[in-house]
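Student: Numbering (numbering that gives the first Met the number 0), first residue to last: 0 to 402. Take a look at the following structure, please.
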Amino acid sequence: MIDVETAIHRILGTVQPFDASLVSLAEADGLALAADVVSRVESPPFDKALMDGFAVQSADLAAGSARLQVVGEIMAGQVASRDVGRGEAIQIMTGAPLPAGADAVVKVEETRRDGDRVEITAEGIVAGTNLMRRAAVMKIGEQVLKTGTRLSPPQLAALAELGEIEVAVRRRPRVAILATGDELVSVGETPGPGQIRNTNETLLTAQVRAAGGVPQPLGIVRDVPEDLAAAVQRGLEADVLVLTGGVSAGKLDLVPAALSAAGVREVFHKVEMKPGKPVWFGVLEKARDGRPRYVFGLPGNPVSTLVCFELFVRTAFRKLMGMSPPQPQPVDALLECEYRSRGDRPVYHPAVLRMTSEGYRARVVPWQGSSDLRATVEANAMIHIPAGERRYDPGAVVQVYSW
Ligand code: AMP
Ligand code: MG
Numbered sequence: 000m001i002d003v004e005t006a007i008h009r010i011l012g013t014v015q016p017f018d019a020s021l022v023s024l025a026e027a028d029g030l031a032l033a034a035d036v037v038s039r040v041e042s043p044p045f046d047k048a049l050m051d052g053f054a055v056q057s058a059d060l061a062a063g064s065a066r067l068q069v070v071g072e073i074m075a076g077q078v079a080s081r082d083v084g085r086g087e088a089i090q091i092m093t094g095a096p097l098p099a100g101a102d103a104v105v106k107v108e109e110t111r112r113d114g115d116r117v118e119i120t121a122e123g124i125v126a127g128t129n130l131m132r133r134a135a136v137m138k139i140g141e142q143v144l145k146t147g148t149r150l151s152p153p154q155l156a157a158l159a160e161l162g163e164i165e166v167a168v169r170r171r172p173r174v175a176i177l178a179t180g181d182e183l184v185s186v187g188e189t190p191g192p193g194q195i196r197n198t199n200e201t202l203l204t205a206q207v208r209a210a211g212g213v214p215q216p217l218g219i220v221r222d223v224p225e226d227l228a229a230a231v232q233r234g235l236e237a238d239v240l241v242l243t244g245g246v247s248a249g250k251l252d253l254v255p256a257a258l259s260a261a262g263v264r265e266v267f268h269k270v271e272m273k274p275g276k277p278v279w280f281g282v283l284e285k286a287r288d289g290r291p292r293y294v295f296g297l298p299g300n301p302v303s304t305l306v307c308f309e310l311f312v313r314t315a316f317r318k319l320m321g322m323s324p325p326q327p328q329p330v331d332a333l334l335e336c337e338y339r340s341r342g343d344r345p346v347y348h349p350a351v352l353r354m355t356s357e358g359y360r361a362r363v364v365p366w367q368g369s370s371d372l373r374a375t376v377e378a379n380a381m382i383h384i385p386a387g388e389r390r391y392d393p394g395a396v397v398q399v400y401s402w
């Protein structure tokens with residue numbers, strides 16, 4: 000059986016990123032850049048006042064005070080029609096371009112207006128005080144954003160400032176979600192004897208969306224080969240098909256065979272981990288339209304589904320969308336509780352991760368295994384516990400994946 004690292008490595012070796020295309024900034028929200036962005040502009044584009052006040056020659060204030068002649072006024076968006084000479088000042092607003100001749104701004108709080116004159120008492124005014132020089136923030140030709148960066152509000156705003164109104168990104172994957180199992184009823188129904196609700200569809204729909212995909216829930220399919228074959232065909236219209244249930248060793252675990260019959264090549268089946276061991280991953284190299292399809296068969300227990308999605312399906316999404324790095328990124332946290340375990344597989348234990356002024360802290364939540372979804376209600380992360388006999392005391396460093 001392969002380990003989690005190998006499984007992730009195989010996913011990254013199998014999944015090919017989508018082609019890049021240009022989209023508007025609004026559409027690029029949450030997607031990753033498919034090319035570096037180099038500034039074609041300077042920011043700020045002119046020497047700019049950082050305060051409301053008076054543009055002056057700093058030499059006039061060498062003594063700390065002066066009485067200057069006010070020769071004009073500039074609002075943001077205007078340019079001065081004349082220079083500032085010795086003994087002169089121009090009233091200026093934040094964001095307005097500094098008039099020629101001036102080399103500093105005195106804030107209005109340090110001045111007193113008296114008709115066409117201004118009295119200034121301000122210590123320490125030197126060339127550059129209260130202004131930002133042209134191109135101080137960004138120069139032409141400077142790299143501002145790197146390929147693979149996920150675009151969130153600050154990056155989008157920086158692109159807007161640069162005038163990059165269209166950017167190269169890779170699209171979101173369309174993701175079909177298919178729950179298998181004779182025991183399942185839809186969440187709106189009341190389960191009869193032996194039946195349970197299809198919680199995985201709700202779980203995966205939300206996870207797919209949170210991970211940047213477009214969910215396409217396909218409902219429940221019975222453990223009947225013909226029904227499963229038909230449902231798989233529908234699912235293969237999406238970029239990624241995520242099935243749950245039917246991948247372990249039970250009598251009605253029909254998913255691997257159904258996928259093989261549909262031409263989906265198995266890349267791995269079963270990973271050394273808890274929960275999630277029966278997880279299946281494969282690829283249909285060329286669907287009818289010539290593009291590949293990726294298929295995950297996740298074990299049916301909801302916490303297995305959740306953990307496998309976070310570790311494996313999300314990794315595939317990041318590769319498809321060109322996000323870097325594509326691997327899941329754990330953080331180191333100090334354990335806030337005791338933890339003892341003995342197992343032949345690494346455990347991904349539901350946990351509470353929190354940021355403190357001294358770094359990350361994590362504690363496990365009480366958990367009864369892969370069907371115990373109740374435990375995850377409190378959790379926002381999972382702690383990775385390596386296989387073997389483990390004794391962790393409070394303060395031990397553990398690896399944590401947030402979700
Ligand atoms: P399976 O992987 O099909 O053997 O299912 C393992 C366990 O997960 C069984 O107890 C199933 O009833 C449960 N299960 C399977 N599919 C779902 C689902 N969509 N929602 C909730 N539980 C499920
Ligand atoms: Mg089943």
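All C-beta atoms, glycine included, are put in the ideal place defined by N, C-alpha and C.
#1: Starting from E8, follow its DSSP beta bridges and name the residues at the other end.
#2: According to DSSP, simplified to helix, strand and coil, what is P216?
#3: Below 7 Å CB to CB, which residues in the same chain sit around L202 once its five sequence neighbours on both sides are set aside?
#4: On the three-state DSSP scale, how would you describe L202?
#5: Suppose the cutoff is 7 Å on Cβ atoms and the five residues either side in sequence are ignored; what does the same chain contact list for Q154 look like?
#6: When you compare only the Cα positions, how much space is there between V278 and C307?
#7: Within the same chain, show all residues whose beta-carbon is closer than 8 Å to that of V3, passing over the 5 residues directly before and after it, in chain order.
#8: Where are the beta strand (DSSP E) runs, 3 residues long or more, that stay fully inside the region 207 to 291, in chain order?
#9: Of all residues in the structure, which have a C-beta closer than 7 Å to any heavy atom of the ligand AMP, taken in chain order?
#10: When you compare only the Cα positions, how much space is there between L158 and T179?
#11: Taking only the alpha-carbon atoms, compute the straight-line gap between T110 and A156 and give it to the nearest angstrom.
#12: Could you check whether Q142 and D288 sit closer than 8 Å to each other, using their CB atoms as the reference points?
#13: Between D113, E122 and G114, which has its C-alpha nearest V104's C-alpha?
#14: Hey, quick one: how far does the alpha helix (DSSP H) through V376 stretch, first residue to last?
#15: Can you tell me whether DSSP reads K145 as helix, strand or coil?
#16: Assuming M74 and R171 make a contact with CB atoms under 8 Å, what is their CB distance in whole Å?
#17: Taking the beta carbon of Q367 as the centre, do at least 16 other beta carbons fall within 10 Å, making it buried, or is it exposed?
#18: According to DSSP, is F308 helix, strand or coil?
#19: Going by DSSP, name the residue or residues bridged to T110.
Tutor: To lay it out plainly:
#1: If you number the sequence shown from 1, residue 8 lands on position 9. It is His, not Glu, that sits at residue 8 in the sequence shown. BP columns for H8 are empty, so no partner.
#2: Here residue 216 refers to the residue found at position 217 when the sequence shown is read from its first residue. Three-state result, P216: strand.
#3: Your numbering for residue 202 matches position 203 in the sequence shown. So the qualifying residues of the chain are P301, T304 and L305.
#4: Here the question's residue 202 lines up with position 203 in the sequence shown. Reduced to three states, the DSSP call for L202 is helix.
#5: Position 155 of the sequence shown holds residue 154. The residues are L144 and T148.
#6: As a working mapping, residue 278 is identified with position 279 in the sequence shown. As a working mapping, residue 307 is identified with position 308 in the sequence shown. Rounded to the nearest angstrom, the gap between the Cα atoms of V278 and C307 is 7 Å.
#7: Here residue 3 is taken as the residue at index 4 of the sequence shown, counted from 1. The answer, listed in chain order, is V270, E271, M272, L310 and P345.
#8: 213 to 220, 239 to 243, 264 to 268 and 279 to 283
#9: A178, T179, G180, E182, L183, I195, R196, N197, T198, N199, E200, T243, G244, G245, V246, S247, G249, D252, P277, P298, G299, N300, P301 and S370
#10: Taking the first residue of the sequence shown as 1, we reach residue 158 at position 159. Taking the first residue of the sequence shown as 1, we reach residue 179 at position 180. Each residue's Cα considered, the two are about 44 Å apart.
#11: The sequence position of residue 110 within the sequence shown is 111, counting from 1. The sequence position of residue 156 within the sequence shown is 157, counting from 1. One C-alpha to the other measures close to 35 Å.
#12: Working through the sequence shown from its first residue, we reach residue 288 at position 289. Working through the sequence shown from its first residue, we reach residue 142 at position 143. No, they are not a contact pair.
#13: Start at 1 with the first residue of the sequence shown, and residue 104 comes out as number 105. Ranking the options by Cα distance to V104, first place goes to E122.
#14: Here residue 376 refers to the residue found at position 377 when the sequence shown is read from its first residue. Here the alpha helix (DSSP H) through V376 covers L372 to E377.
#15: Here residue 145 is taken as the residue at index 146 of the sequence shown, counted from 1. Correct three-state label for K145: coil.
#16: As a first step, residue 74 must be located in the sequence shown, where it is residue number 75. As a first step, residue 171 must be located in the sequence shown, where it is residue number 172. With 8 Å as the limit, M74 and R171 do not qualify as a contact, their Cβ atoms being about 43 Å apart.
#17: One-based indexing of the sequence shown puts residue 367 at position 368. Exposed, by the Cβ-count rule.
#18: What you label residue 308 is simply residue 309 of the sequence shown in a count that begins at 1. Correct three-state label for F308: helix.
#19: Here the question's residue 110 lines up with position 111 in the sequence shown. I119.
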